[in-house]
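Numbering (the working numbering), first residue to last: 25 to 212. Shown next, in structure tokens, is the structure this report addresses.
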Amino acid sequence: MSGFAVCVYCASSDDVDPANLALASALGAAVAHRGWTLVSGGGCRSMMGAVARGARQAGARTVGVIPRSMVQREWADHDSDELLVTDTMRERKALMDAHADAFITLPGGLGTLEELFETWSARVLDLHTKPVVLLDPGGHYAGLLTWMRELVHGGFARPGALDRLVVTSDIDAALDACAPPEADTSAL
Numbered sequence: 025m026s027g028f029a030v031c032v033y034c035a036s037s038d039d040v041d042p043a044n045l046a047l048a049s050a051l052g053a054a055v056a057h058r059g060w061t062l063v064s065g066g067g068c069r070s071m072m073g074a075v076a077r078g079a080r081q082a083g084a085r086t087v088g089v090i091p092r093s094m095v096q097r098e099w100a101d102h103d104s105d106e107l108l109v110t111d112t113m114r115e116r117k118a119l120m121d122a123h124a125d126a127f128i129t130l131p132g133g134l135g136t137l138e139e140l141f142e143t144w145s146a147r148v149l150d151l152h153t154k155p156v157v158l159l160d161p162g163g164h165y166a167g168l169l170t171w172m173r174e175l176v177h178g179g180f181a182r183p184g185a186l187d188r189l190v191v192t193s194d195i196d197a198a199l200d201a202c203a204p205p206e207a208d209t210s211a212l
């Protein structure tokens, strides 16, 4: 399906487990196999670089969005089909959102969590209707999900908030949750 784009949030730190690098690469390849475009944070390191390389090696178009300060540190993925450079992190996230039809979050740290929460909370508030998916085969986010259930139970989050986040451990299930509905051809 040409034109459909999925944004992947993930770690950019160099000290991640090799299994997470393999997960990112496999997700990138799976995005390509669906004929979709990958939108990422525009970095060439760690999981962020692995997801983009995996997508490109399998034939996907990649769009990287990166703040100028990170380009200057030589972290940019200059192999991206399109590399968009912003002045701030806020501009970066806005461009990533604008270019994406769905969002998948892989294991990551503070920046990844911030991206997940911003996208997810906007979905809970009905500011967009794009799918928000948490792909977590290793249980990286188990504690977070337990805490979120406690927030709902305590009245600090809407009861439907967890329903707006698809949680899966399987790449195909994550992509299925992102997929646009098939066009109804029964009337043709």
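Glycine included, C-beta positions come from ideal geometry on N, C-alpha and C.
Count the C-beta pairs between the stretch 148 to 157 and the stretch 121 to 131 that are closer than 8 Å, then say yes if the count reaches three, no if not. Taking a contact to require three or more Cβ pairs closer than 8 Å, the stretch 148 to 157 and the stretch 121 to 131 qualify as touching.
At which residues does the alpha helix (DSSP H) containing residue 42 begin and terminate? Its alpha helix (DSSP H) spans residues 42 to 57.
Residues bridged to residue 29 [DSSP beta-bridge criterion]: For residue 29, which the question treats as bridged, DSSP gives the partners 61.
Let's see if you can read the secondary structure: which residues bound the alpha helix (DSSP H) around residue 136? Run containing residue 136: 134 to 148, per the alpha helix (DSSP H) assignment.
Exposed or buried, what is residue 183 when buried is set at 16 or more other beta-carbons lying within 10 Å of its beta-carbon? Classification of residue 183: exposed, given that the 10 Å Cβ count is below 16.
Residue range of the unbroken beta strand (DSSP E) whose run includes residue 167: Per DSSP, residue 167 belongs to no beta strand (DSSP E); it is in the alpha helix (DSSP H), 166 to 177.
Rounding to the nearest angstrom, what Cα-Cα distance links residue 104 and residue 63 in this structure? Cα to Cα, the separation comes out at about 10 Å.
Per DSSP, cross-strand counterpart(s) of residue 192: Answer is 159, bridged to residue 192.
Distance, residue 31 Cα to residue 133 Cα: Answer to the nearest angstrom: the Cα atoms are 17 Å apart.
Going by DSSP in three states, residue 108 sits in which element: helix, strand or coil? Residue 108: strand per DSSP, three-state reduction.
From residue 197 to residue 159, what distance separates their C-alpha atoms? Taking the Cα positions, residue 197 is about 9 Å away from residue 159.
Residue 164: buried (16+ other C-beta within 10 angstroms of its C-beta) or exposed? By the 16-neighbour rule on beta-carbons within 10 angstroms, residue 164 is buried.
Under the three-state reduction of DSSP, which class applies to residue 126: helix, strand or coil? It is a strand residue.
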